[in-house]
Amino acid sequence: MFGFVINKLKNRKWLNLCLLMGVALFIALFVCHPMFEKGAGNQILDRLFTDHATQQNEFPAQMSREGTYAVADYPDSQSVLDKLSGYEKKWTEYVDINKVSSQQLITLSGGRADTEFGGLNHYFTIGYLPGLSEYVDVVKSQTDTATFECSISEKTMDHYGLVAGEKIYLHVPDGSGKKEISFVISQICSEKDINNPYWAKTLSDMGDVIFVSQDVFDEMMQYYSEDNISYSDFLMLDYRQINTENASLYDGYMEQFKDADKLYNDNIRDTLERFFTQQKTIKLMLWALELPCLVLLILFIRMISAQILSLEENDILVLRSRGATKLQVFILYLQQSGIIAFAGCVLGIVLGYIMCRAAASTDGFLRFTAKDIGTYRFVWQMLVYAVAAAVIMVLFITVPVWKKSKDAISEHSRGRISKKKPLWEKCFIDVILWALSAYLLYNYNKQKSTLAISVLENRSIDPVMILDNSIFIFAAALLCVRLTGLIILLVDRLFKKRFSPAMYASFLQLKRTRYNQGFLAVFLIMTVAGGIFDANMARTMNSNMEQRIAYNVGCDAIYNEDFRLRIQKNKDGSVSWMYDEPDFGKYESLKNEGICDGVTRVLEDERVDISAGSGSVSDAYLMAINTKEFGETAKLQSDQNDDINDAHWFNYLNELAKEPDGVIISSNLAKALGLKVGDSLNYSRYVPEAVDDDQIYASENVKVCAIVKGFPGYERYTYETDAEGNVTEQEKYLIVANYATVVEKFGMTPYSVWMNLSKGKTVDDIYKNLTSAQQLIDENKNSATVQITNGMFTLSFILSLIVCSVGFLLYWVMTLKQRELQFGIYRAMGMRMREVKAMLLNEQIFLSFLPLLAGAGIGIAATAMFVRLISIIYLPQKHNIGVNVYIYQSDMLELAGVLFVAVAVCYVVISRLLKSMKIAQALRLGEDS
């Protein structure tokens, strides 16, 4: 039996190889899912931890416990430290992650103290910090063996005006009253590397602590009548070991720690909660993006398997006539499909791994890179998915055999062509699906704002929103098949009497087979339309993201200078403050060195109050600029359809340059306060937050000289998230003033340095810690969501080209083979070869060219209807620049070129087959049949 199956496969080796290709691609795409899901999940986790460290300025994976212990239970420092180490050991027994560092601080409440050089009534805490000497640099030191030695931080030195060698007289309770203990400041220290994981609490966070040795600390415990000793324990873990496999388990353990111990805390669970939400979104996105491609491959496999089954129909009937039961025939074909599925499974796993790695390496549509994709590795779930896909393929290929084998040979009419109208056409499934797609599109467009907010709040997306375009394309394909059939009937009725014999035979064939061959039309339309939509969706997403980032940055690179704030308390109780400006000359020299074409200061303040008449707004955004330098440096990314502003933005700079006390304001500010050009307004600024949170120190009355909709670096819309995770949209108001005027009226405040890089120069030629548009664009391209989208759209587009070309060529070649007898009869009746070719060309026009053109039209229509809606997933924020649809000519030419080559090759192959066809053999074939 097995040998018989192998021979059957060899007899139709080319068809079976094409079927194997389809099965292998289907399994490969299936097994991509778990690998892509796990890889993207690990990438998201790594990004979330990194972002947490950057935004919160703390190590992103730390477990901690803070509280007090009774001195009666823990009489010395070592007993407390042992207890804390016990907690750490218990945590890591469950959360099995390597320890990076640990910081344990124990303190006594201390008390009031005087200092040697005049300081009175200060408050200090006595602390012991194991490992302090290993992680600090000693700025100043002086020893004195006559008293207890202590160390203080630079912040404590600055705050209390202390110096090395100065004595601190600490008044501590000893049970009978107060006792004075003398400490000498032996060391003033600072962190060697403040970014070292050890510094969960920095020295600045421990500003009133004087650090002593363990022996001194234990001795101090004897002097105090305190009942409790305070402690804080921070355990830093290697967050790189948290992945998609163990994240849920560790999150559960940490929840149990918190439930069992109210003093326990960590900063990992919040990150994991955000990860679980994003992971769910990633899963839905992957299935939504894979499903259309899987359907396309199923159509391809169905087309090939149907051709094979059609060719082997006589074999089935012979087997049945010779006594084989339906079950035996079914088992025979089950073995045949099982062999193909097994081979496809082996190839599919390897191919799926390669495809997933290739898709993960993209940083744009059809743009493969050599970037690090280490998070995308082989996972055991790929084997399960491969087996599941193989079983689906076996059933999909074999089940139709049961129907074919159930009729006896006496009941079968050889060569029968089904004229029965398909169920979908009877029930108007195409119209129903089209109406459903239109209804979903209408509803989603009405809910755009709500959908955008849900994306910003990291809620799960609705996968139907992504699939709606596929429903539309499928419905439109069915509708085109229906219309093509009606067009064939109409043309036949109008011109039947004028047709030549060849054309008459061609239309007769079209009418007889239009239901059977509608499958090819649906396949071609979905392939072309899907390829066009995928290309345009990817291009639109990438181009709009790049445009928005370039607009938000406003120039090539920005450097945020470090300004030192000096605060002084006056005798009358008031506070004076002043910023020290760094040397700006080092940036101006970049122009002379040919690294930058433009460099300018941009003073920014987002805590500005503006009033005019009876109206006012708060938290406006002030930009103070030098108009000439700013014009040479900044860039305004314009909208694709038209400029953002009514005139070129240089005109507004010219107006500002004419008015030293003038300002440019945003159009929303003008609307909010009812302002127009020439009107006056008043704006006020606050003192630095380090001095006072809510104190206005100066105001200025100015004249409006221009009103703009967009300006370099100005984002009109901002989003704020409350404690419950709810996102609200707010508008930001812009006011642009002259730099010299602002500094004169308000004094020097921090500014950033904007740079316009010379051609061929990058930020690496200047400083490492610059913010540049290109860096932000690269980071965005490497985000998991964008990477998945680019990767899947690229794979879909490439698979569309392959499947469409192979499927189209194979279908027509096999159709020609099946009609070999028919063509032989036509030639025997006197039809010339030229007429046979004309007949086939006419059939290709209706069955191939029209569907290809329809597919192109449907793809463009789907782009116009759905791209902006789906872009909400990737660009949920409102912006000065609207979402523009991008259609790259190169993508369309690539698709058209591949299809043209496929059609041309198909026509050449058909011509050669016709030439090689011998009339006598074809007629003898008919007699033998």
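Residue numbers for the sequence shown follow UniProt numbering, so the first one is 1 and each next one is one higher.
Ideal placement from N, C-alpha and C gives every residue a C-beta, glycine not left out.
Please read these numbers as outputs of a predicted model, since none were measured by experiment.
- For Cys32, the enclosing alpha helix (DSSP H) covers residues Lys13 to Gln56.
- A residue is called buried when at least 16 other Cβ atoms come within 10 angstroms of its Cβ; Asn536 meets this threshold and is buried.
- DSSP places Glu226 in no beta strand (DSSP E); its state is neither H nor E.
- Your pair Leu899 and Leu441 does not check out as a contact, with CB atoms roughly 28 Å apart and the cut at 8 Å.
- Under the three-state reduction of DSSP, Gly760 is assigned to coil, being neither helix nor strand.
- With respect to the C-alpha of Gln279, the residue from Val384, Ser310 and Gly39 having the closest C-alpha is Gly39.
- Burial check for Cys18: the Cβ neighbour count within 10 Å reaches 16 or more, so the residue is buried.
- Gln637 carries a coil assignment under DSSP once its states are collapsed to helix, strand and coil.
- By the C-beta density criterion, Asp722 is exposed, having fewer than 16 other C-beta atoms within 10 angstroms.
- Annotated three-state conformation of Phe330 is helix, per DSSP.
- Rounded to the nearest angstrom, the Cβ distance from Arg274 to Leu48 is 6 Å, consistent with a contact under 8 Å.
- Under the three-state reduction of DSSP, Cys555 is assigned to coil, being neither helix nor strand.
- Pairing Asn780 with Phe368, the inter-Cα distance amounts to about 16 Å.
- Inter-segment contact for the region 728-736 and the region 527-541 is absent: fewer than three beta-carbon pairs are separated by less than 8 Å.
- Around the C-beta of Lys167, 16 or more other C-beta atoms lie within 10 Å, and the residue is accordingly described as buried.
- Ala521 and Thr863 have their C-alpha atoms roughly 20 Å apart.
- Within the same chain, Cβ atoms closer than 6 Å to the Cβ of Leu770 are found at Ala557, Tyr559 and Val763, the five residues on either side in sequence being excluded.
- Taking C-beta atoms as the reference points, His33 and Trp380 fail to come closer than 9 Å.
- Secondary structure of Ala670 (DSSP, three-state): helix.
- Leu467 places its beta carbon 9 Å or farther from that of Asp430.
- Annotation note: the region 499-584 contains the following uninterrupted beta strand (DSSP E) runs of length 3 or greater, listed N- to C-terminal: 557-560, 564-569 and 575-580.
- For Met221, the closest alpha carbon among the candidates Arg539, Lys8, Ile126 and Met254 is that of Ile126.
- The region 472-491 makes contact with the region 838-851, as at least three CB pairs between them are under 8 Å.
- Excluding the 5 residues flanking it on each side, Ala773 has same chain C-beta neighbours closer than 7 Å at Ile549, Ala550, Val553 and Asp556, in chain order.
- Here Asn228 is actually not in contact with Tyr123; their C-beta atoms are around 18 Å apart, not less than 8 Å.
- Under DSSP, Trp380 forms no beta bridge with any residue.
- For His159, the enclosing alpha helix (DSSP H) starts and ends at Glu154 to Tyr160.
- By the neighbour-count criterion, in which a residue is buried when 16 or more other Cβ atoms sit within 10 angstroms of its Cβ, Gly111 is buried.
- The C-alpha of Glu744 is placed about 35 Å away from the C-alpha of Gln775.
- When C-alpha distances from Val883 are compared across Glu546, Ala904 and Ser684, the shortest belongs to Glu546.
- Put simply, of Ile887, Leu893, Tyr907 and Gly855 the residue whose alpha carbon is nearest the alpha carbon of Leu840 is Tyr907.
- Cys345 carries a helical assignment under DSSP once its states are collapsed to helix, strand and coil.
- Leu565 sits close to Pro688, with the two beta carbons spaced by under 9 Å.
- For the pair Leu383 and Phe519, the Cα-to-Cα distance works out to about 32 Å.
- Put simply, the region 590-598 does not touch the region 663-670. Fewer than three CB pairs are less than 8 Å apart.
- For Ser77, the closest C-alpha among the options Val95, Arg912, Leu129 and Ser102 is that of Leu129.
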